[in-house]
Every structure is written in structure tokens, then in C-alpha cells.
Amino acid sequence: MFEPLLIIDFGEKTFYIHFMTMKLFLKNISLTLLCIFFSKELYPQKSAISTGPYIFLKENRFTVKWVEDGKMKKYYELDSDFIGRKFGFTLDPESIKRKMADTPDFYQNYHDVPNLLVISDVHGQYDLMVELLKSQGIIDEYLNWIYGKGHLVINGDILGRGDKVTEALWLAYQLEDQAQNAGGRLHFLLGNHELMVLENDLRFLNQKYNKSARIKKKSLRDLHNQYSVLGNWLRKRPAIVTIDGLLITHAGISPEFVSRKLTVFDVNKIFYENILSTTRSKTNRRRDIEFLTGSNGPLWYRGYFEQNNIGMRDMDSILEYFGTNRIIIGHTSVRSITLLLGGKIIAVDSNIKEGQNGEVLIIEDRTFYRGLKDGSRFRFPPMN
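Numbering of the sequence shown is given in this note's numbering, commencing with residue -9 and proceeding in unit increments.
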């Protein structure tokens, strides 16, 4: 018989642990620890998600919902102090009620704008968005509007792959009110990613938001329904805005657009009433709807970047049709804000979606600049 390796004396009882028993015990412990180690390496534990808030107004009553550490929370009141403490921004309940009841302006034509800044394709990269807006004097350190009577254009695609989509949406929502109170404007245009999410196409949305919806036992479409503050606001986004001779739209205007004789008013009205609305009205403009949401429409067109797709004659016809001098677009990524077709197209999607760097377009005193996140500006050569 083997001598015991270890003797443990508890007074009334004495335990004898033999070599083979100890060896087997240590072997099992080692295997268990290895299994735990490799399971964490191969299948890392995902941290509990937090998203929101999603605010709803139904029958004149507010409900606030959010996900915190993987659990759904609710608050049955829109208390500005609570929203400020919990989420870091403020909302005015009466302003929300007015905005939800308003019918949007379909003309979207603005003149005599002193300063203009355009940012595009944020794709949920909230931190970089804030950095760019701070560095170029649009917001202060507390995220409040300091751009006076200037206009800020967000040219579509706040929604997307990044994991701070709701933060970026609420920042834009809050700045819209602050800008208007200061005599300025914030224009958030519809992008293809907003359209996709509102139509429940979630292929390119960060999975965090799908999981959040499941925790709430809702679909993302439900979170953006007619009672949702953000949903109501998103469904009122224009597809085209004109500002002092500049036409701004997410992807671009194709030659086919002109042949259809659609106006800015027509396009914004069709999107609101027949494409985005939760109660879509009957229409005989089915072909226009298919065009506007298709590859040659203003949310998806990439023809300016395709060789021999569009020439100067086509471009001049488009500008003449709208009575504008240039078109500002996003949608198609470029490393730096780029002039195309002799400066008649300005491409401003500067890859903010990667979350590392990005640029904004600044127009002051008819001079065009690229603005960087360090606050520097680079002037474009004079354009006709």
C-alpha cells in the first residue's frame, strides 16, 4: 500500500490523501481551468448592452424606454431633469409635441445663409461627429449650439454600422431646436440607411440595436413607429435641400431625374406621404416611387464616380433644371472632400464611418474649405 502524500488531522477525523488521488485531482483541476480559459478565448463573453433612450408619445402621455446592462428599463414621464442626469441631454416636452404634430416643409429652399457646414455619413460614429463639430465651432464643450445664424447640414446616414447611433440622433434632434432658437438651422437629410431601417432592412445596422429591440420584445420598426419621437422625426426628413444656389442631397441627381420633371417639392412630398409614412396615402406615382428609391434616385445614385457615366452637358442640364450652381453629395466615400466635374459636384463623405478621421465642408463668404478634426481648415481654389 502506498504511503499517504498528505495527512490532514481535524481532531475527530483524519484524512489521508494518497499520491494517485492527488494526481487525479490535480489533473481534473487542470483540465477544468484549461476548458474555462479556451472557452473565453474562443467564445469571449459579450458585455451587456446599453442603448436608448427611445421616447414615445401616445394619447398625450410620454413613455421613456432604454436598455441598461442588458435589461429593459421604463420611465413613464418625460422629466427633463431625469433625461439630463441619465442620458446627458435635455428635451422640452412641449417642443416635442409641436414637432410631432407639424407637417414638414416640402420646398426646403433657403437664402442668405451667412455660414454653412456640411457633414455626411456619420454611421453611428458619434464621438468623431462631436469632435468635428466642436473643433469647427458648431457646438461647445457641453454640446450646445454656438454657430449662431449659420446652417449645419447632416447629409444623410446618421444610422449605420457604428454603435452610437441613438446618441448621434439625439444630438442632432437637440441641436435642431437650439439652432432655430438662435436664428440658424440644422438640416438632417434622408440617407439610404435611414430609408433601409425605416423599411425594416437591418443588414447594415450595428447588431447592438437588433439585440436591444429583442430585449424590449419589439422590432426596430416598432421602435421607430408613428408614436416614437425619433421615428416621427426620421420620417419627416427631406431628401433634397437647396441653400443659396447649392443643391444638397445624399447620393446625387441623375440625368433620369430631369427627364421625369420632378421638383424638390415633389420629391420631398412623395418621400413623406408615400414612402416613409406609416399610413401611406394612395398614389398614382408608383413609377416615381420606384425611381426615387432605386439606383438612379437621390439616395442611391453613384453615377458621378463611374467613368463615362455623366458628362458636362448632362451636369449643366441638371443644374439649370434646378436653378443651382453645384450639388453637394455624400453616400460614396472619398478619403478627402473632393471636387468633381469642374467643382460642380462636391463629394463630402470622407469616411467618418471608419471612426478614425473625417472632414466637413465649410462655406463662408463664398469661400469653400475642408475642415479637419484638429480645427484646421484648407481652402479650395476659387470656383466659378
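All C-beta atoms, glycine included, are put in the ideal place defined by N, C-alpha and C. Remember, it's a predicted structure, so these values are computed and weren't measured experimentally.
Three-state class that DSSP yields for residue i in the structure shown
i	result
Leu329	strand
Arg75	helix
Met90	helix
Gly361	strand
Lys334	coil
Asn298	coil
Ser366	coil
Ser29	Below a pLDDT of 50, predicted positions are generally treated as unreliable, and Ser29, at 42, falls in that range; the measurement from the model is reported next regardless. In the structure shown, Ser29 sits in a helix (DSSP, three-state: H, G or I).
Tyr116	helix
Asn341	coil
Ser85	helix
Ser70	helix
Lys36	Residue confidence is low: Lys36 scores 49 on pLDDT, short of 50, so the model does not pin down where it sits. Its coordinate-derived value is still stated next. Residue state, collapsed to three classes: coil.
Leu24	Since pLDDT at Leu24 reaches only 49, below the 50 mark, its modelled position is unreliable, and no value is offered.
Proximity to residue i [Cα-Cα], best of the options
i	options	result
Glu296	Asn274, Asp167, Phe79, Gly242	Gly242
Asn264	Thr283, Asn171, Ala169	Thr283
Ser218	Ser40, Gly173, Phe46, Ile260	Phe46
Pro94	Leu331, Ile279, Tyr199, Phe255	Phe255
Ala38	Tyr44, Lys48, Met62	Met62
Ile342	Leu330, Ser326, Asp306	Ser326
Trp223	Leu195, Arg204, Leu185, Ile205	Leu185
Ile73	Ala91, Asp59, Pro43, Ile86	Pro43
Gln98	Ile205, Tyr294, Leu180	Leu180
Pro104	Thr273, Asp191, Phe358	Phe358
Leu289	Ile233, Asp111, Lys272	Asp111
Thr253	Phe312, Leu195, Phe281	Phe312
Glu344	Gly333, Val187, Gly150, Arg316	Gly150
Ala229	Val143, Lys139, Pro83, Asp364	Val143
Val338	Ser40, Phe52, Asp92, Ile109	Ile109
Glu354	Gly348, Met90, Pro372, Glu310	Pro372
Met119	Gly152, Phe96, Asp92, Leu210	Gly152
Short Cβ contact (9 Å threshold) for residue i with residue j
i	j	result
Gly320	Asp69	no
His177	His141	yes
Ile308	Val248	yes
Val54	Ser202	no
Gln170	Leu133	no
Asn182	His113	no
Trp135	Ala172	yes
Arg225	Thr268	yes
Asn145	Ile318	yes
Phe370	Arg360	yes
Leu266	Met305	no
Asn286	Glu246	yes
Thr41	Lys198	yes
Val231	Asn196	no
N-terminal and C-terminal residue of the beta strand (DSSP E) that residue i is part of
i	result
Phe46	41 to 48
Glu349	349 to 354
Met373	Here Met373 belongs to no beta strand (DSSP E), and DSSP marks it neither H nor E.
Glu58	51 to 58
Asn105	105 to 109
Ile318	316 to 319
Tyr65	61 to 65
First and last residue of the uninterrupted alpha helix (DSSP H) at residue i
i	result
Tyr311	302 to 312
Leu210	210 to 213
Query - Segments assigned alpha helix (DSSP H), at least 4 residues, entirely inside the stretch 264 to 294 - result: 276 to 282
Query raised in the report: For the stretch 123 to 201, which segments carrying the alpha helix (DSSP H) assignment without a break, of at least 4 residues, lie completely within its bounds, in sequence order?
Result: You should have 155 to 171, 182 to 188.
**Report entry** Unbroken stretches of the beta strand (DSSP E), 3 residues or longer, contained in the stretch 224 to 264
**Finding:** 230 to 233, 236 to 239
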